[in-house]
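Letter by letter, the sequence shown follows residues 2 to 344 of our numbering.
Glycine included, C-beta positions come from ideal geometry on N, C-alpha and C.
This one's a predicted model, so the numbers in the text were calculated from it and none came from an experiment.
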Amino acid sequence: MQNKLDPITGIRCNIANLTHGDDIGMFTVKTANETVHDAALRPIPRNLFMTLWYEGEVACLFADSNVGKSIFAVQIADQIATTEPVLYVDCELSEKQFQLRYTDTESGRMHQFPELLFHAGINPMKFDAGYHEEKILSDIANAAEQQHCKIIIIDNLSYLCNAAEKGSDAGSFMVKLMNLKKEKDWSILVIAHTPKRDPSRPITQNDLAGSKRLYNFFDSAFAIGMSGRDNRLRYVKQLKARSCEIQYGGDNVLLYEIVKTDGFLRFSLVGNARESDHLRAFCPEDKEERKQQVAEMKAIGKSIRETAAELGLSKSTVGRIYQELDRPTSSQCPSIPGGTVGQ
Numbered sequence: 002m003q004n005k006l007d008p009i010t011g012i013r014c015n016i017a018n019l020t021h022g023d024d025i026g027m028f029t030v031k032t033a034n035e036t037v038h039d040a041a042l043r044p045i046p047r048n049l050f051m052t053l054w055y056e057g058e059v060a061c062l063f064a065d066s067n068v069g070k071s072i073f074a075v076q077i078a079d080q081i082a083t084t085e086p087v088l089y090v091d092c093e094l095s096e097k098q099f100q101l102r103y104t105d106t107e108s109g110r111m112h113q114f115p116e117l118l119f120h121a122g123i124n125p126m127k128f129d130a131g132y133h134e135e136k137i138l139s140d141i142a143n144a145a146e147q148q149h150c151k152i153i154i155i156d157n158l159s160y161l162c163n164a165a166e167k168g169s170d171a172g173s174f175m176v177k178l179m180n181l182k183k184e185k186d187w188s189i190l191v192i193a194h195t196p197k198r199d200p201s202r203p204i205t206q207n208d209l210a211g212s213k214r215l216y217n218f219f220d221s222a223f224a225i226g227m228s229g230r231d232n233r234l235r236y237v238k239q240l241k242a243r244s245c246e247i248q249y250g251g252d253n254v255l256l257y258e259i260v261k262t263d264g265f266l267r268f269s270l271v272g273n274a275r276e277s278d279h280l281r282a283f284c285p286e287d288k289e290e291r292k293q294q295v296a297e298m299k300a301i302g303k304s305i306r307e308t309a310a311e312l313g314l315s316k317s318t319v320g321r322i323y324q325e326l327d328r329p330t331s332s333q334c335p336s337i338p339g340g341t342v343g344q
């Protein structure tokens with residue numbers, strides 16, 4: 002007696018029989034019309050969280066330290082896990098730190114997460130310096146498959162890829178992650194950080210550690226900024242989207258307040274706003290900080306163009322600071338023989 006296929010496997014078999022194309026090395030080559038026809042047989046990706054992250058995407062959420070990116074990421078996981086399994090890979094907090102974050106300090110009440118949300122924390126007895134990227138990704142894959150999770154949130158990229166700020170090394174890691182996504186049919190959200198940034202200017206793709214080369218791998222990207230008007234407020238800005246139009250750009254960012262209700266630390270939506278209304282006014286301290294950032298880039302041999310792109314500054318501004326840095330200070334000026342001037 003012939004075994005019956007389950008409905009999903011049957012659909013996949015039908016699609017496979019109807020699709021066209023020749024496999025040539027890493028490519029599948031077909032006419033443009035065949036490409037459109039075959040793609041039309043596949044389901045339209047669902048949005049997993051608003052229009053910020055879609056099914057089948059590798060997305061990135063990034064922010065500066067202590068802005069709340071892990072809080073927001075857990076909130077996303079909590080929402081999705083009400084209907085489907087989610088694996089949250091936590092490389093940031095210990096189990097006790099995680100528990101305290103989601104416990105009401107006065108009542109002792111702990112937040113009740115959905116049963117489909119799985120937390121994968123680092124076991125210090127099993128992890129050592131010899132752990133390499135392939136082994137980490139293999140362990141994530143095994144954990145996800147064991148819990149039947151096709152939605153993975155990884156917090157954070159720097160822990161998994163020690164050289165995340167080096168474009169070439171981070172790019173190599175992302176290739177491995179993208180291959181894993183395609184092989185397993187996963188949806189992945191990667192949490193990343195920004196180098197210290199100037200809070201008086203808008204968030205751009207250049208604020209992501211690893212910058213352009215890393216950014217290009219992601220299907221979508223969004224970032225969190227701290228309001229310069231009220232440090233209790235945060236805004237979420239959509240920077241990259243492939244499955245939809247950008248809905249929450251600079252003129253329409255999502256404005257939140259971090260609150261704790263019944264033990265659940267979360268972003269509570271206030272409304273929409275313009276990013277420009279929540280940027281910090283430029284002050285002398287910012288100027289010195291910006292000069293220090295440029296000096297660090299110059300010290301490692303970055304060109305004016307590269308530094309401008311990395312820091313989101315104009316080339317003329319960077320050029321002026323480079324000139325200031327090259328100008329000798331009074332302590333470097335040679336002394337004048339015979340005493341002081343005028344003698």
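Would you kindly report the start and end of the unbroken beta strand (DSSP E) that includes residue i?
i, result
"Lys261", "Val254 to Thr262"
"Gly250", "Careful: Gly250 lies outside any beta strand (DSSP E) and carries neither H nor E."
"His120", "Leu118 to Gly122"
"Asn273", "Phe265 to Ala274"
"Leu42", "No beta strand (DSSP E) holds Leu42; DSSP gives it neither H nor E."
"Ile25", "Asp23 to Ile25"
"Leu49", "Asn48 to Phe50"
Rounded to the nearest angstrom, how far is the Cβ of residue i from that of residue j, given a contact under 8 angstroms?
i, j, result
"Gly69", "Arg235", "6 angstroms"
"Ser221", "Trp54", "6 angstroms"
"Tyr89", "Ile154", "5 angstroms"
"Cys150", "Val87", "6 angstroms"
"Lys292", "Tyr323", "That belief does not hold up - the Cβ atoms of Lys292 and Tyr323 are roughly 10 angstroms apart, past 8 angstroms."
"Ile305", "Val319", "5 angstroms"
Taking residue i as the reference, which of the options has the closest Cα?
i, options, result
"Cys92", "Val319, Ile137, Phe114 and Leu42", "Ile137"
"Phe223", "Arg202, Ile192, Thr318 and Pro196", "Ile192"
"His120", "Lys127, Ala145, Glu135 and Asn273", "Ala145"
"Ala309", "Lys183, Thr262, His194 and Gln206", "Gln206"
"Phe218", "Lys316, Val176, Ile154 and Asn124", "Val176"
"Leu1", "Glu289, Asp231, Tyr216 and Met126", "The structure shown has nothing for residue 1, since the chain only spans 2 to 344."
"Asn253", "Ile259, Gln239 and Ser244", "Gln239"
"Leu270", "Leu62, Ile259 and Ile189", "Ile259"
"Asn124", "Leu94, Thr104 and Gln147", "Leu94"
"Ile204", "Val295, Thr52 and Leu62", "Leu62"
"Asn143", "Trp187, Tyr103, Gly57 and Thr106", "Trp187"
"Thr83", "Leu101, Glu116, Thr104 and Gln98", "Glu116"
"Ala274", "Val295, Glu35, Gln248 and Ala40", "Gln248"
"Glu289", "Leu256, Glu325 and Lys241", "Glu325"
"Ser277", "Thr36, Leu255 and Glu246", "Leu255"
"Glu246", "Tyr160, Thr52, Gly302 and Arg306", "Thr52"
"Gly272", "Thr262, Tyr257 and Lys261", "Tyr257"
"Lys183", "Ser317, Gly57, Lys316 and Pro329", "Gly57"
"Thr106", "Lys261, Lys31 and Leu209", "Lys261"
"Tyr160", "Phe174, Gln148 and Thr29", "Phe174"
"Asn48", "Ile77, Met27 and Asp199", "Ile77"
"Ser66", "Thr36, Ala210, His133 and Met179", "Ala210"
"Gly172", "Gln147, Glu134 and Ala33", "Glu134"
"Gly122", "Met27, Glu96 and Gly320", "Glu96"
"Leu181", "Lys197, Ser139 and Asp208", "Ser139"
"Lys197", "Gln294, Phe268 and Leu178", "Gln294"
"Asp199", "Ala41, Pro329 and Glu311", "Glu311"
"Gln147", "Lys185, Ala242 and Lys241", "Lys185"
Relative to the ligand NAD, is the shortest distance from any of its heavy atoms to the C-beta of residue i smaller than 7 angstroms?
i, result
"Arg230", "This structure simply doesn't include the ligand NAD, nor any ligand for that matter."
Could you give the residue range of the alpha helix (DSSP H) that holds residue i?
i, result
"Lys29", "Per the sequence presented here, residue 29 reads as Thr, with Lys not at that position. Segment Phe28 to Val30 is the beta strand (DSSP E) holding Thr29; no alpha helix (DSSP H) there."
"Ser159", "Leu158 to Leu161"
"Leu101", "Glu96 to Arg102"
"Leu138", "Glu134 to Gln147"
"Phe73", "Lys70 to Ile81"
"Ile322", "Lys316 to Asp327"
Look at the Cβ atom of residue i, then the Cβ atom of residue j, and state whether they are nearer than 8 angstroms.
i, j, result
"Gly264", "His112", "yes"
"Ile81", "Phe114", "no"
"Thr195", "Ala282", "no"
"His279", "Arg233", "no"
"Leu118", "Asp156", "no"
"Ser244", "Pro46", "yes"
"Ile189", "Val75", "no"
"Ile152", "Glu85", "yes"
"Leu266", "Arg43", "no"
"Ile225", "Phe99", "no"
"Val30", "Asp39", "no"
Give me whichever residues DSSP pairs with residue i in a beta bridge.
i, result
"Lys241", "Ala222"
"Val59", "Ile189"
"Ile152", "Val87 and Ser188"
"Met126", "Paired residues: none, contrary to the question."
"His194", "Ala64"
"Leu234", "Glu258"
"Met227", "Arg235"
"Met175", "DSSP, once it has assigned bridges, lists no residue as partnering Met175."
"Met111", "Thr104"
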